[in-house]
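When we follow our numbering, the leftmost residue of the sequence shown carries the number 5, and every step to the right adds one.
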Amino acid sequence: MITSIGAANTTVFNDPKIQIQRFNGLKPCKLLSVHGGGKFGFSVSADSSIVRALSTSVKPDNSPELKRSKVEIIKEQSNYIRYPLNEELLTNNPNINESATQVIKFHGSYQQTNRDERGTKSYSFMLRTKNPCGKVSNRLYLVMDDLADQFGIGTLRLTTRQTFQLHGVLKKDLTVVMSTIIRNMGSTLGACGDLNRNVLAPAAPLSRKDYLFAQEMAENIAALLTPQSGFYYDMWVDGERIMSAEPPEVVKARNDNSHGTNFPDSAEPIYGTQFLPRKFKIAVTVPTDNSVDILTNDIGVVIISDEDGEPQGFNLYVGGGMGRTHRLETTFPRLAEPLGYVSKEDILYAIKAIVVTQRENGRRDDRKYSRMKYLISSWGIEKFRSVVEQYYGKKFEPFRNLPEWEFKSYLGWHEQGNGHLFCGLHVDNGRVKGAMKKTLREIIEKYNLNVRITPNQNLILCDIRRGCKRPITTALAQGGLLQPRYVDPLNLTSMACPALPLCPLAITEAERGIPEILKRVRAVFEKVGLKYNESVVIRITGCPNGCARPYMAELGFVGDGPNSYQIWLGGTPNQTSLAKCFMNKVKVQDLEKVLEPLFYYWRHRRQVKESFGDFTSRMGFEKLQQLVDKWEGPVATSSRFNLKVFANRQTYEAMDELAKLENKTAHQLAMEVIRDYVAAQQNGKNE
Ligand code: SRM
Ligand code: SF4
5 MITSIGAANT TVFNDPKIQI QRFNGLKPCK LLSVHGGGKF GFSVSADSSI VRALSTSVKP
65 DNSPELKRSK VEIIKEQSNY IRYPLNEELL TNNPNINESA TQVIKFHGSY QQTNRDERGT
125 KSYSFMLRTK NPCGKVSNRL YLVMDDLADQ FGIGTLRLTT RQTFQLHGVL KKDLTVVMST
185 IIRNMGSTLG ACGDLNRNVL APAAPLSRKD YLFAQEMAEN IAALLTPQSG FYYDMWVDGE
245 RIMSAEPPEV VKARNDNSHG TNFPDSAEPI YGTQFLPRKF KIAVTVPTDN SVDILTNDIG
305 VVIISDEDGE PQGFNLYVGG GMGRTHRLET TFPRLAEPLG YVSKEDILYA IKAIVVTQRE
365 NGRRDDRKYS RMKYLISSWG IEKFRSVVEQ YYGKKFEPFR NLPEWEFKSY LGWHEQGNGH
425 LFCGLHVDNG RVKGAMKKTL REIIEKYNLN VRITPNQNLI LCDIRRGCKR PITTALAQGG
485 LLQPRYVDPL NLTSMACPAL PLCPLAITEA ERGIPEILKR VRAVFEKVGL KYNESVVIRI
545 TGCPNGCARP YMAELGFVGD GPNSYQIWLG GTPNQTSLAK CFMNKVKVQD LEKVLEPLFY
605 YWRHRRQVKE SFGDFTSRMG FEKLQQLVDK WEGPVATSSR FNLKVFANRQ TYEAMDELAK
665 LENKTAHQLA MEVIRDYVAA QQNGKNE
């Protein structure tokens, strides 16, 4: 038995108001090491899948204490994420101090300023919810919609991790907004901060065994890794714990300390006082469904079912992540890699073992290198696996074979499989606003619908009775929420992060810039003769942190200066390969100089059904660079024919109104409708 893991001592800090239980949170890792040597707490027997904890004496660890980042000290002195936020909330200042800014993240909020405004800073708070598998109850949706109007900037943001963001909440309103969310069975606990973030799972409300199981697992993993010390409820609802009951297997797995994972007497048995070195991200899915961008997560969990479709266990991937720093090659985006297979009874224990391995070994001195991807990169997967196995108490079985991944958007109308329908709606960059927000609210309220947020910033209306399909479709169209066939295919798969004006890390525009960029890409498509229904996955971020996962896109734009972007190429439509940086500092006004030759040669030199991403990877950057450098415009072809359209006034005005909602001209929209119609007729003929 390893007695020193989790042993607590009490430290009283200078401030008399805080007495802190300080655990050896940073130390127990030193007891563990991998195979061989003198100071190990575990041994792995070669012929057995069982790893046993040993009661051998452990050499004292004399290695010098590593430097710790500022945030580590703030966490340690926060009395489990309370101080100094509790005091800062009581002042009349519009903002909170630096330490409280770090602490409030664990409560699900970021302090921000409006970067469009010059002079005095106007402070506000962004709140982010936690919604495992994107599930949002009817009641919570309506509450969030109201809160956005009453206390926010009048919009809701659907995020790339299936949550809501509410921007623009003033400090004086924080308690009322937080408590309203909590009392309506929502939560922002741990939506930000150094802990497990929202757990992704396919948003489709299909009543298939594997999908239901994936969603249940996402909820259980989220519960397992939810903070336990009560700071959230103390801060916002006077300590009243308003939460759903946890499944007993989750409580059992959390409290289990058979393999030295826990701080046994701590208010945070898994996290201790220091929580994790950095944010931590998990996604669960079923084979083929890569709607969750599985390989970009710290842990990717894939359900493995038997021939009768009965879930049996899970494949685990580890070590994905997107964030990087410009011109610092030691930081990089990384794809998760296979770790192994676990049976369904063991999954929570395996997840805990991985989290604890990162807790104990992830770097805490420099936050740029604290994500688990850097630990795995430096150790290699074999060493990582064997350390995890020590905390898990078993060996992983070999990773099971998986079929190809597909991107599934779930847009449009679908059967749920239980007699009801669901309808996936494309929401440009996840921003729910204006007429569309009003319409959505009316529909969700009138038909009493639950919703799901997708990892692609879209929304799914669930549990719709068949008879309601027609009136809902009409109401949606009137609010500008068009069925996918009426949305430009480029928009359907594109994403942009919020960036300016509120994100403090933004270097340039993303959400506000993308409509114009997509229009220009469409124009380039037309110029080089690409068909309307051909598409590429485009993702834009205002900085290299990669919030809209641009490094998985076929064409990624990553802000690297005012009005300039890096161009990343080589991702695939199913998000399974990592893009590479093709060009730096391309000014936004010069994008066509790069895109025109790339799209022109894709059109003319691609292999049958070759995607843009695969084409750019096959050609190689050297060749592509030559093509861009030598580009003098497309060889004149007769790819554009003039088609004049005349309409009566009523039709024109209706068209114009619809077009404005989509930020287009009436002529552009008319051409799209005609093109769609002709394509559909042609497809019909070919079938
Ligand atoms: Fe992110 C920081 C927005 C998903 C990597 N992200 C931020 C902050 C909070 C800026 C800050 O630290 O002050 C942004 C707030 C902007 C605003 O005004 O709203 C922000 N991130 C977002 C969202 C809203 C983008 C979106 O378009 O939806 C996503 C919210 C997710 C959620 O609901 O939990 C969001 N962020 C992501 C993702 C994608 C994902 O998780 O699948 C990533 C890349 C994956 C990863 O983590 O490796 C991501 N965000 C980052 C990073 C870089 C982390 C790193 O490892 O280096 C930062 C900066 C940081 O943590 O220091 C960051
Ligand atoms: Fe902000 Fe950068 Fe994330 Fe965009 S990618 S939201 S600019 S941190």
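Beta carbons are placed, not taken as given, at the ideal position from N, Cα and C, and that holds for glycine. As the structure is a prediction and not an experimental result, all values here were calculated from the model.
Q) Can you name the start and end residues of the alpha helix (DSSP H) that Phe-603 belongs to? A) As a working note, residue 603 is residue 599 in the sequence shown. Note, Phe-603: alpha helix (DSSP H), 595-609.
Q: Please find out if some non-hydrogen atom of the ligand SF4 comes closer than 8 Å to the beta-carbon of Ala-222.
A: Your numbering for residue 222 matches position 218 in the sequence shown. Answer for Ala-222: no, Cβ out of range of the ligand SF4.
Q) Using DSSP with H/G/I as helix, E/B as strand and the rest coil, what is His-671? A) What you label residue 671 is simply residue 667 of the sequence shown in a count that begins at 1. It is helical.
(Q) My output table needs one value for Glu-102: the three-state DSSP class, helix, strand or coil. (A) As a working mapping, residue 102 is identified with position 98 in the sequence shown. In the structure shown, Glu-102 sits in a helix (DSSP, three-state: H, G or I).
Q) For Cys-33, which residues of its own chain have a beta-carbon under 6 Å away from its beta-carbon, when the five flanking residues on both sides are left out? A) For this step, residue 33 is matched to residue 29 along the sequence shown. Any reading at Cys-33 needs caution, since the residue's pLDDT is 31, under 50, leaving its predicted position unreliable; the model's value is listed next. Same-chain partners within the cutoff: Glu-364, Asn-365.
Q: Check whether the Cβ of Asn-549 lies closer than 8 Å to any heavy atom of the ligand SF4, and answer yes or no.
A: As a position in the sequence shown, residue 549 is number 545, starting the count at 1. Answer for Asn-549: yes, Cβ within range of the ligand SF4.
Q: Output the distance between the C-alpha atoms of Arg-26 and Gly-575, rounded to the nearest integer angstrom.
A: Reading the sequence shown from its first residue, position 22 is the one you call residue 26. Reading the sequence shown from its first residue, position 571 is the one you call residue 575. A caution first: Arg-26 carries a pLDDT of 29, below 50, which makes its placement in the model unreliable, though a value can still be read off. Using only the alpha carbons, I get a separation of about 45 Å.
Q | Any C-beta of chain D under 9 Å from that of Glu-91 | A | Protein chains in the displayed structure number just one, and chain D is not present.
(Q) Check whether the segment 196-211 and the segment 416-424 touch, using three or more Cβ-Cβ pairs below 8 Å as the test. (A) yes
Q. From this set, Pro-566, Thr-361, Gly-624, which residue's C-alpha is nearest Tyr-275's C-alpha?
A. The count along the sequence shown starts at 1 and reaches residue 275 at position 271. The shortest C-alpha separation from Tyr-275 is found at Thr-361.
Q: Ignoring anything shorter than 3 residues or poking outside the segment 280-317, list the beta strand (DSSP E) runs there in chain order.
A: 286-289, 303-309
Q: Please state whether DSSP places Trp-572 in a helix, a strand or coil.
A: For the purposes of this step, residue 572 is taken as the residue at position 568 of the sequence shown. Three-state DSSP puts Trp-572 in a strand.
Q: Write down every uninterrupted run of the alpha helix (DSSP H) in the segment 479-521 whose length is 4 residues or greater and which is fully enclosed by it, in chain order.
A: 493-497
**Q.** Own chain partners of Ala-287 with C-beta closer than 6 Å, once the 5 adjacent residues on each side are dropped
**A.** If you number the sequence shown from 1, residue 287 lands on position 283. Correct list, in chain order: Leu-204, Val-296, Ile-298, Asn-301, Gly-304.
Q) How many Å lie between Glu-626 and Tyr-569 at the Cα? A) As a position in the sequence shown, residue 626 is number 622, starting the count at 1. As a position in the sequence shown, residue 569 is number 565, starting the count at 1. Distance between the alpha carbons of Glu-626 and Tyr-569 is about 19 Å.
**Q.** Contiguous beta strand (DSSP E) assignments of at least 3 residues, all confined to the segment 137-180
**A.** 160-162, 168-173
Q | Tyr-275 - containing alpha helix (DSSP H), residue span | A | Residue mapping note: residue 275 aligns to position 271 of the sequence shown, counting from 1. Careful: Tyr-275 lies outside any alpha helix (DSSP H) and carries neither H nor E.
Q | Residue nearest to Ser-374 in terms of C-alpha spacing, selected from Gly-197, Met-239, Thr-478 | A | Taking the first residue of the sequence shown as position 1, residue 374 is located at position 370. Of the candidates Gly-197, Met-239, Thr-478, the one whose C-alpha sits nearest the C-alpha of Ser-374 is Gly-197.
Q. Does the beta carbon of Ala-503 fall short of 8 Å from some heavy atom of the ligand SF4?
A. Counted from its first residue, the sequence shown places residue 503 at position 499. Flag set: Cβ of Ala-503 near the ligand SF4.
Q) Among the residues of its own chain, which have a CB less than 7 Å from the CB of Thr-219, if the five just before and after it don't count? A) As a first step, residue 219 must be located in the sequence shown, where it is residue number 215. Checking the sequence, you will find Gln at residue 219 rather than Thr. The answer, listed in chain order, is Cys-137, Ala-205.
Q) Counting only runs that start and end within the segment 345-412, where is the beta strand (DSSP E) found for 3 or more residues in a row? A) none
Q) Which of the three DSSP states, helix, strand or coil, is assigned to Ile-544? A) Numbered from 1 along the sequence shown, position 540 holds the residue referred to as residue 544. Here Ile-544 sits in strand by DSSP.
Q) What is the rounded straight-line gap between the Cα of Asp-65 and the Cα of Val-322? A) For the purposes of this step, residue 65 is taken as the residue at position 61 of the sequence shown. For the purposes of this step, residue 322 is taken as the residue at position 318 of the sequence shown. Unreliable placement is indicated for Asp-65, whose pLDDT of 44 sits below 50; no coordinate value is reported for it.
Q: Within 10 angstroms of the Cβ of Lys-441, are there 16 or more other Cβ atoms? Answer buried if so, exposed if not.
A: For the purposes of this step, residue 441 is identified with residue 437 of the sequence shown, where counting begins at 1. Buried.
Q) Where do the ends of the beta strand (DSSP E) carrying Asn-90 lie? A) Here residue 90 refers to the residue found at position 86 when the sequence shown is read from its first residue. Taken as a continuous stretch (DSSP letters only), Asn-90 belongs to no beta strand (DSSP E), being part of the alpha helix (DSSP H) at 89-92.
Q: Spatial neighbours of Thr-230 within its chain, please: CB distance less than 7 Å, with the 5 preceding and 5 following residues excluded, ordered by chain position.
A: Against the sequence shown, residue 230 aligns to sequence position 226. Once the five neighbours on either side are set aside, the close Cβ partners of Thr-230 are Leu-193, Gly-194.
Q) So Gly-397 packs on Ser-262, CB below 8 Å; how close in whole Å? A) Residue mapping note: residue 397 aligns to position 393 of the sequence shown, counting from 1. Residue mapping note: residue 262 aligns to position 258 of the sequence shown, counting from 1. About 6 Å; that satisfies the 8 Å criterion.
Q.
Relative to the C-alpha of Phe-318, which candidate in Leu-379, Pro-251, Phe-217, Cys-585 has its C-alpha closest?
A. Counted from its first residue, the sequence shown places residue 318 at position 314. That would be Phe-217, whose Cα lies nearest to the Cα of Phe-318.
Q. Does DSSP put Asp-564 in a helix, a strand or coil?
A. The residue given as residue 564 occupies position 560 in the sequence shown. Correct three-state label for Asp-564: strand.
Q) Is Lys-372 near the ligand SRM, going by C-beta to nearest heavy atom under 8 Å? A) If you number the sequence shown from 1, residue 372 lands on position 368. Flag set: Cβ of Lys-372 near the ligand SRM.
Q: Give a yes or no on contact between the segment 331-348 and the segment 250-270, applying the rule of three or more CB pairs nearer than 8 Å.
A: no
**Q.** Inter-residue CB distance, Val-431 and Val-140 (contact presumed, cutoff 8 Å)
**A.** Sequence index remark: in the sequence shown, residue 431 carries index 427 (1-based). Sequence index remark: in the sequence shown, residue 140 carries index 136 (1-based). With a Cβ gap of about 13 Å, Val-431 and Val-140 do not count as contacting.
Q) Name the DSSP bridge partner or partners of Arg-338? A) Working through the sequence shown from its first residue, we reach residue 338 at position 334. Bridge partners of Arg-338: Gly-325.
Q) DSSP on Gln-115, reduced to helix/strand/coil? A) Looking up residue 115 in the sequence shown gives position 111. Note: Gln-115 maps to strand in three-state DSSP.
Q. Quick one: what's got a C-beta closer than 7 Å to Val-682's C-beta in the same chain, skipping five residues either side?
A. Looking up residue 682 in the sequence shown gives position 678. The answer is none, since no qualifying residue turns up.
Q. Between the C-alpha atoms of Thr-14 and Thr-105, what's the straight-line distance to the nearest angstrom?
A. Position 10 of the sequence shown, counting from 1, holds the residue named residue 14. Position 101 of the sequence shown, counting from 1, holds the residue named residue 105. With a pLDDT of 29 at Thr-14, under the threshold of 50, the modelled position of this residue cannot be trusted; read the value that follows with caution. Going from the Cα of Thr-14 to the Cα of Thr-105 covers about 25 Å.
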